[in-house]
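Worksheet for the structure shown next.
Residue numbers (this note's numbering): 2 to 624.
In structure tokens:
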């Protein structure tokens with residue numbers, strides 16, 4: 002009884018004792034372009050301490066507190082001549098001292114922020130669904146979602162970074178030059194919400210600790226190793242960033258630093274998912290607010306980037322990620338829902354430190370004006386974005402709609418078939434540099450490309466030819482090259498199935514020619530042939546684009562530079578066609594021969610081209 006009474010007396014003292022349990026960023030580097038860093042210091046009553054730093058070249062300029070006594074924010078300035086070492090953060094209250102070590106590291110000369118350009122081909126994969134290299138990290142009992150089961154589309158399946166590294170040779174063979182994974186950062190999210198609704202986080206878009214790569218993918222060490230192995234093979238790495246929201250299980254959501262850390266509403270308010278109020282000069286303030294400050298879904302709390310501490314936290318994490326892991330480009334999730342002045346500030350910080358890094362965001366819109374708004378553009382909007390590139394949803398929509406009409410009477414219509422592609426590209430004048438847009442035909446949020454074109458292999462090849470030969474930075478979704486198919490219904494998991502051969506016990510191994518069917522090998526070889534030619538011939542990847550107005554379902558365009566000219570001629574009808582070339586003299590003058598890039602066939606006469614039905618020919622013109 003006496004022991005129980007003593008425990009009850011001591012309990013309030015124990016729960017209010019000061020301590021530091023977390024410092025973010027977890028470390029920093031000497032010699033960074035920006036000499037200032039703001040540390041988020043967290044722990045029971047950590048905000049009630051008075052802090053000091055005693056380390057040569059490191060100055061504590063200011064300490065900030067919030068309404069939550071468990072937080073303090075320390076502004077440090079790191080002098081140019083500061084040396085790497087262990088900095089001691091000292092918190093004092095009365096006679097009590099608390100010391101926390103914080104590492105200041107030396108920068109190394111590993112490649113970082115190399116960027117991706119129109120010379121690259123990006124391969125997008127979901128690491129959980131790609132290759133399982135270490136079954137021991139498939140599940141952990143102490144995580145909120147402790148199970149793994151490949152038979153369940155909502156559970157983790159066990160793919161990881163070690164496995165992905167084992168297949169870099171496959172990507173190299175395919176002609177890929179950059180790898181983009183859906184987010185690798187920890188998603189320690191429960192499988193279901195309070196109502197029993199599924200909300201699996203295998204996709205990675207609900208962060209719960211910004212400074213930890215998910216253990217189920219191998220953790221920080223495995224990610225660093227993957228990037229280094231990719232670089233050693235001449236492949237770049239794109240990191241998927243999320244600024245707009247975090248997972249409901251994020252450690253700071255459980256103990257908010259301040260009420261305005263999140264966008265708060267009198268009652269739950271979801272975003273409208275509508276982009277129009279942002280660019281509409283007649284829109285109502287409430288509609289703009291709901292678009293940007295409404296939550297994406299109930300289990301992804303919406304961060305308030307106008308809070309300066311939130312903004313600093315996110316910007317520093319972006320810089321930390323590039324410096325720590327050496328990633329080359331930055332894809333930003335749900336770009337249009339973020340506070341745009343914050344996005345400009347974050348982009349500027351990344352570009353100041355890594356001038357070659359490429360940044361491209363996801364703004365899922367349906368018209369060129371709204372798409373251009375979120376990148377560097379030539380339009381007269383009060384707000385001017387500094388984002389270098391973006392995902393080209395408008396061109397994707399044009400290509401898919403046009404391909405569905407290929408081989409039908411609509412293919413020759415006024416605004417149908419290839420006209421849709423032509424029209425999307427004809428509006429490129431609104432962008433400061435349209436070659437920085439990332440083009441695609443499907444991704445982890447869309448129906449699989451093969452299914453979108455009715456599993457018609459001719460349309461499949463035609464669409465890939467358009468994507469791999471037009472302007473921009475092409476991105477291919479994992480498994481497209483082996484004809485993976487499916488629709489999002491009844492769940493997104495249907496377009497995120499495991500790559501066959503990436504997991505122990507798989508019946509077929511599609512990573513090898515022997516494991517693929519004849520039609521799958523034909524598709525793989527088609528992608529490889531065009532991708533490797535594109536990789537090895539800058540004229541096709543980075544040359545100027547000239548397109549001709551489609552006529553009678555025939556669409557022709559050229560990629561050209563001082564070194565050469567490549568002609569792409571498309572027949573979108575269901576019958577073979579003869580194409581007289583006199584109309585294209587502006588680009589064909591001086592050329593009398595050509596090589597068919599896809600077949601190797603030599604053409605000795607270019608006056609009239611014979612185009613098979615539903616086919617594109619890619620010709621390297623020669624004199």
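We treat Cβ as the ideally placed atom computed from N, Cα and C, and that holds for glycine.
Check: Where the alpha helix (DSSP H) containing residue 464 begins and where it ends; Outcome: 458-470
Check: Helix, strand or coil at residue 393 according to DSSP, with G and I counted as helix; Outcome: coil
Check: For residue 11, three-class secondary structure by DSSP; Outcome: Low confidence applies here, because residue 11 scores a pLDDT of 36, under 50, leaving its location unreliable; read the following figure in that light. Helix at residue 11.
Check: At least 3 beta-carbon pairs within less than 8 Å: the segment 88-95 vs the segment 19-34; Outcome: yes
Check: Residue burial classification, residue 571 (beta-carbon count within 10 angstroms, cutoff 16); Outcome: buried
Check: Rounded straight-line distance, which links the Cα of residue 372 to that of residue 194; Outcome: 34 Å
Check: Reduced DSSP secondary structure (H/G/I, E/B, other) of residue 4; Outcome: Note that residue 4 scores a pLDDT of 43, beneath 50, so its modelled location is shaky; the value from the coordinates is reported in the next line. Helix, per DSSP.
Check: Distance CB(residue 497)-CB(residue 130) smaller than 7 Å; Outcome: yes
Check: Buried versus exposed, by CB contacts within 10 Å (16 or more), residue 374; Outcome: buried
Check: 7 Å CB neighbourhood of residue 509 in its chain, flanking five on each side removed; Outcome: 501, 502, 516
Check: Spatial neighbours of residue 317 in its chain, beta-carbon cut-off 6 Å, leaving aside the 5 residues before and after; Outcome: 26
Check: Among 84, 141, 488, nearest to residue 455 - alpha-carbon criterion; Outcome: 488
Check: For residue 101, the first and last residue of its enclosing alpha helix (DSSP H); Outcome: Element bounds for residue 101: not the alpha helix (DSSP H) but the beta strand (DSSP E), 97-106.
Check: Same chain only: Cβ atoms within 6 Å of residue 232, ignoring 5 sequence neighbours per side; Outcome: 112
Check: Simplified DSSP state of residue 371, which is helix, strand or coil; Outcome: helix
Check: Residue span of the beta strand (DSSP E) that contains residue 566, given as start and end; Outcome: 565-572
Check: Buried versus exposed, by CB contacts within 10 Å (16 or more), residue 347; Outcome: buried
Check: CA-to-CA distance, residue 597 to residue 382, given in whole angstroms; Outcome: 45 Å
Check: Heavy atom of the ligand COA within 6 Å of residue 34 beta-carbon; Outcome: This structure lacks the ligand COA; in fact it carries no ligand of any kind.
Check: Contacting residues, own chain, Cβ-Cβ under 6 Å from residue 205 (five flanking each side not counted); Outcome: 183, 184, 188
Check: Cutoff 6 Å; reference residue 261; Cβ partners in own chain excluding five residues on either side; Outcome: 305, 308
Check: Where the alpha helix (DSSP H) through residue 551 begins and ends; Outcome: Run containing residue 551: none in the alpha helix (DSSP H); it sits in the beta strand (DSSP E), 545-552.
Check: Opposing strand residues paired with residue 240 [DSSP bridges]; Outcome: 331
Check: Rounded straight-line distance, which links the Cα of residue 324 to that of residue 60; Outcome: 22 Å
Check: CA-to-CA distance, residue 142 to residue 15, given in whole angstroms; Outcome: Any reading at residue 15 must be qualified, since the residue scores a pLDDT of 40, below 50, and its modelled position is unreliable; the value itself is stated next. Cα to Cα, residue 15 sits roughly 28 Å from residue 142.
Check: Own chain residues within Cβ distance below 7 Å of residue 525, not counting five before or after; Outcome: 482, 483, 517
Check: Alpha-carbon spacing of residue 595 relative to residue 473, whole angstroms; Outcome: 24 Å
Check: Any chain C beta carbon closer than 7 Å to residue 559; Outcome: In the displayed structure, chain C is absent; only one protein chain is listed.
Check: Residues of its chain near residue 300, where Cβ-Cβ distance is below 8 Å and the 5 sequence neighbours each way are ignored; Outcome: 190, 194, 200, 207, 248, 249
Check: Other residues of its chain near residue 531: CB distance less than 6 Å, five sequence neighbours each side excluded; Outcome: 469
Check: Counted within 10 angstroms of its Cβ, other Cβ atoms place residue 406 as buried (16 or more) or exposed; Outcome: buried
Check: Residue 203 vs residue 157 beta-carbon contact at 7 Å; Outcome: yes
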